[in-house]
Structure formats: C-alpha cells, structure tokens
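Asker:
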Amino acid sequence: MKKSILVVAALFACVVLSAQSKGEKYIAVSVSASFGNETIETYDGAYTTSDSGPLTTSVDVMGEFGYFIADNVRLALALGVPYSSTPVTQSGNTWLRRNTLGFQINPNIAYYVRLADNFYYTPEIGFSYQFGSYKEDMTASTSRNLNYNGWSIYANILALEFRVSPKLAIGAGVGSVSYVNGKYSMNGAVEYFKDGQLRFDLNGASVHLRFYL
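1 is the number of the first residue of the sequence shown in the working numbering; add one for each residue after it.
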C-alpha cells in the first residue's frame, strides 16, 4: 500500500514539475510562412486545358515576451515584421501583385494542455495591429504606393510545444482562423479604401523557439 502511494506521489510530482507554472517567463523568436500554387483544369468535352498561378505569399518574423499568469495559462506580447505578396491578375508572363511590408504589435493568450511529458497542445487567441507600406501593381511597369494600417483577431487552433529542457522549448503551429480589417490611403490624402476578410488558413505554418528565463 505504501509503495502504491509513493508511486502515485512520484507520478503526480512529475506532472507538476513538467507543467508550465505560474510565474515562468520567456523570450521567443518565431517565423511563420504561407505560400503555394494552384492549378485549374477545364474540360470542354473535347479538349482539356489547365491554368496555374501562385497563391498569396506571406512571411512574418516576430520576437515575443511571455509570462504565465497561472499554471498553464500565459500572456504574451509579440512584435514583428510581416510581409505579404498577393497575385491579382496576369499581364503577359508577369503577375500583377499587391505587396505589403509593415510592423506588427500582437498581444495574445494561450492555454497549455499536457499531452505527454514536456509535450503540450497550446491553442492561442490574440489581437494584432499593424501598419506599413502597400504597393499595388497597375501594369507590368507602373504601380501606386499607399500606406496601410489594420487589425485582426485570430485563433491558432493546431499549435504544439515541446519543452526540450527547463530553459528551451520548440513549438510549431499549422493553420488559423481570423478576421482581418485593413485601411489604405496615400500620404496626406483624405480618400481611402477599406477591406475586411474572414480567413480560414490551413496553408500556413509557424515555428518558434522559446527561451525560459
């Protein structure tokens, strides 16, 4: 009986020691990317034709500071540089694109669900605000330059983290659900245009390194 109690106590201690505990903090570096290509095939009853083209390319490099406000619950603030390039239409052999490059502020919160020793499922929700430059190709040789700012609310559903050591963790995520709102205007101009998008992105992936302090 005593041996059983000791075994249970030891297992419980392992769970507690491997948990993400209140008061822990870290700094992190992460990179996320999304890109791809699509092919559309058409059959008219006699011949088959196909067209292919690029999808939106996006790259986001971020630094983050996080703090566990309770066991397995962390708040974080990330700062990053997002880039995106969206193909709009094809002109000859060239794709006309909309390109953005900006600065991003991203507070977020995540909950850690222990799956195995030092291995966690870490769904995250957050708010992001960003601003920067927007370039839209009008023809293959001309473009217009605008400023943009916008915000988004998102949920990263498939996110995992492995605690390699007490000081280092490696994580990865795939896909997200988000609502994005953007505003675009020229320097000093009163006129602007806005857009809003609901996105279900299963094509993007992110990798991060967390260094616990």
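Quick reminder that beta carbons are idealized off the backbone N, C-alpha and C, glycines included.
By a C-beta neighbour count over all protein chains shown, 10 Å radius and 16 as the cutoff for buried, is D137 buried or exposed?
Answerer: Start at 1 with the first residue of the sequence shown, and residue 137 comes out as number 137. D137 should be labelled buried.
Asker: Can you tell me which of the three DSSP states N93 falls into?
Answerer: Numbered from its first residue, the sequence shown carries residue 93 at position 93. If DSSP states are grouped into helix, strand and coil, N93 belongs with coil.
Asker: Pairs of beta-carbons, one from the region 152-160 and one from the region 175-191, closer than 8 angstroms: are there three or more?
Answerer: Verdict: yes, contact present.
Asker: For the beta strand (DSSP E) that K219 lies in, which residues bound it at each end?
Answerer: Residue 219 falls outside the range modelled here, since the chain spans only 1 to 213, and no answer is possible.
Asker: Run through DSSP, which three-state label would E191 get?
Answerer: To locate residue 191, count along the sequence shown from 1; it is residue 191. E191 falls in the coil class under three-state DSSP.
Asker: Quick check on DSSP: helix, strand or coil for D71?
Answerer: Residue 71 sits at position 71 when you count from the first residue of the sequence shown. Residue state, collapsed to three classes: coil.
Asker: Which of the three DSSP states, helix, strand or coil, is assigned to P166?
Answerer: The residue you call residue 166 lines up with position 166 of the sequence shown. Three-state result, P166: coil.
Asker: Apart from the five residues on each side of it in sequence, which residues of its chain come closer than 6 angstroms, Cβ to Cβ, to A140?
Answerer: As a working note, residue 140 is residue 140 in the sequence shown. Same-chain partners within the cutoff: S91, T94.
Asker: The beta strand (DSSP E) spanning S141 covers which residue range?
Answerer: In the sequence shown, residue 141 corresponds to position 141, counting from 1. Where S141 is concerned, there is no enclosing beta strand (DSSP E), given that its DSSP letter is neither H nor E.
Asker: Thinking N118 and A76 are a contact (beta carbons under 8 angstroms), I'd like their distance in whole angstroms, please.
Answerer: The residue given as residue 118 occupies position 118 in the sequence shown. The residue given as residue 76 occupies position 76 in the sequence shown. Actually they are not in contact, since the Cβ atoms of N118 and A76 sit about 19 angstroms apart, beyond 8 angstroms.
Asker: Let me make sure I understand the geometry here. Which of Y120, Y47, N187, A110 has the alpha-carbon closest to that of F65?
Answerer: Counted from its first residue, the sequence shown places residue 65 at position 65. The candidate whose alpha carbon is nearest that of F65 is A110.
Asker: If I follow the unbroken beta strand (DSSP E) through F119, where does it start and stop?
Answerer: Stepping through the sequence shown from its first residue, residue 119 is reached at position 119. Looking at the DSSP string, the run of the beta strand (DSSP E) that includes F119 is 119-121.
Asker: Can you tell which of L96, D60, E24 has the C-alpha that lies nearest to the C-alpha of S128?
Answerer: Working through the sequence shown from its first residue, we reach residue 128 at position 128. That would be D60, whose Cα lies nearest to the Cα of S128.
Asker: Rounded to whole angstroms, what is the Cα-Cα separation between N37 and T86?
Answerer: Here residue 37 is taken as the residue at index 37 of the sequence shown, counted from 1. Here residue 86 is taken as the residue at index 86 of the sequence shown, counted from 1. Spanning the two alpha carbons is a distance of roughly 12 angstroms.
Asker: Could you tell me the alpha carbon to alpha carbon distance between L79 and T48, rounded to whole angstroms?
Answerer: Taking the first residue of the sequence shown as 1, we reach residue 79 at position 79. Taking the first residue of the sequence shown as 1, we reach residue 48 at position 48. Rounded to whole angstroms, L79 to T48 spans 48 angstroms at the Cα level.
Asker: Expressed to the nearest angstrom, what Euclidean distance is found between the alpha-carbon atoms of D195 and S30?
Answerer: Translated into positions along the sequence shown, residue 195 becomes position 195. Translated into positions along the sequence shown, residue 30 becomes position 30. Rounded to whole angstroms, D195 to S30 spans 27 angstroms at the Cα level.
Asker: Please classify Y192: is it buried, with 16 or more other beta-carbons within 10 angstroms of its beta-carbon, or exposed?
Answerer: For this step, residue 192 is matched to residue 192 along the sequence shown. With fewer than 16 other Cβ atoms within 10 Å, it is exposed.
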